[in-house]
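Chemist: What follows is a single structure, and I will ask about it in a moment.
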Amino acid sequence: MATYEKKYVWSILLRLFHWTFAPSIFTLIVTGLYIHWPWTNTWMEGSHQFTMATMRWIHFIAGMLFTCAVIARLYLWFFGNKYERVWDFLPITGRNIKNLFSTLLYYAYLTDHHEHRLGHNALAGTAYFFTILLAIIQFISGLYLLYPENSFFVSLGSAIFGTQQEARFIHYLLNWYFAWFALVHIYIVVWNDVKNPEGLISSIFDGFKFAKKEH
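In this text, residue positions in the sequence shown follow the working numbering: the first is 489, and each later residue adds one.
Right, here's the structure in full:
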């Protein structure tokens, strides 16, 4: 019978990042879709309720939390523990490249072999890496739309996106990316927690995972 030992993997800052990033994404998706297509009766606006103004305010607050969470994750890429740093999971080494393809085959049910990783496997790490890069684009486009009179954001936004209408279109498309990312992420996390007794879900609460003891 296999025996396991408890290992501390995720720091408090990583867990704070996750529990700021996750609810902010959900809030931004819901309020962003409302701003794009208000589904309440328009007669409420300007009378006893200001639904659009409320949604925009919630969207901006969630956007600021989203931005702070991304900055925290960028810090951990370079100054976090060994499981949180970017070179631990990116496919830039032979070991990580091998892990990337073996994980793809494992998720596709084409093999039963799976290299145990205490941190992120290379596939998950690569997905998270590109998600953070897209998150940077998302919050820059959001600040460009939020502060059209600010010379810094106007210069930065126009250099990256062009017009504000083009920035808004990219912002809207990325909203759907994050919606699909959240759904796939939840599915994969639950799937892994069922198949592997490493405590993946509980680790994002207490920071500990379970590694098989070597005999």
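Virtual Cβ for every residue (Gly too), placed ideally from N, Cα, C.
These numbers come from a predicted model, not from an experiment.
#1: If you compare alpha carbons, which of W498, M552, V497, T528 is closest to I513?
#2: K494 by DSSP, collapsed to three states: which one?
#3: F696 and E686 - do their beta-carbons sit closer together than 7 Å?
#4: Return the CA-CA distance between H673 and R583, expressed in angstroms with no decimal places.
#5: Rounded to a whole number of angstroms, what is the C-alpha to C-alpha distance between I546 and T515?
#6: Is N684 close to the ligand COA? I mean its beta-carbon at under 6 Å from any heavy atom of the ligand.
#7: Looking at the secondary structure, which residues open and close the alpha helix (DSSP H) in which A596 lies?
#8: Would you mind sorting S690 into buried or exposed? The rule is 16 or more other CB atoms within 10 Å of its CB.
#9: Go ahead and pull the three-state DSSP assignment for H577.
#10: Tell me which residues share the same chain as H608 and place their Cβ nearer than 8 Å to its Cβ, disregarding the 5 neighbours each side in the sequence.
#11: What's the gap between the Cα of L502 and the Cα of E603?
#12: How would you label I559, buried or exposed, when you count the other beta carbons within 10 angstroms and need 16 or more for buried?
#13: Could you give the distance in angstroms between the alpha-carbon of Y635 and the alpha-carbon of I620?
#14: In chain order, what residues of the same chain lie with their CB nearer than 6 Å to the CB of F666, ignoring the 5 residues before and after it?
#15: Helix, strand or coil: which one does DSSP assign to K697?
Modeler: According to the structure shown:
#1: M552
#2: strand
#3: no
#4: 24 Å
#5: 8 Å
#6: By its list of ligands, the structure shown contains no ligand whatsoever, and the ligand COA lies outside what it can speak to.
#7: Where A596 is concerned, there is no enclosing alpha helix (DSSP H), given that its DSSP letter is neither H nor E.
#8: exposed
#9: The sequence given here has Phe at residue 577, not His. F577: coil per DSSP, three-state reduction.
#10: Y571, D576, F577, Y616
#11: 23 Å
#12: exposed
#13: 22 Å
#14: I513
#15: strand
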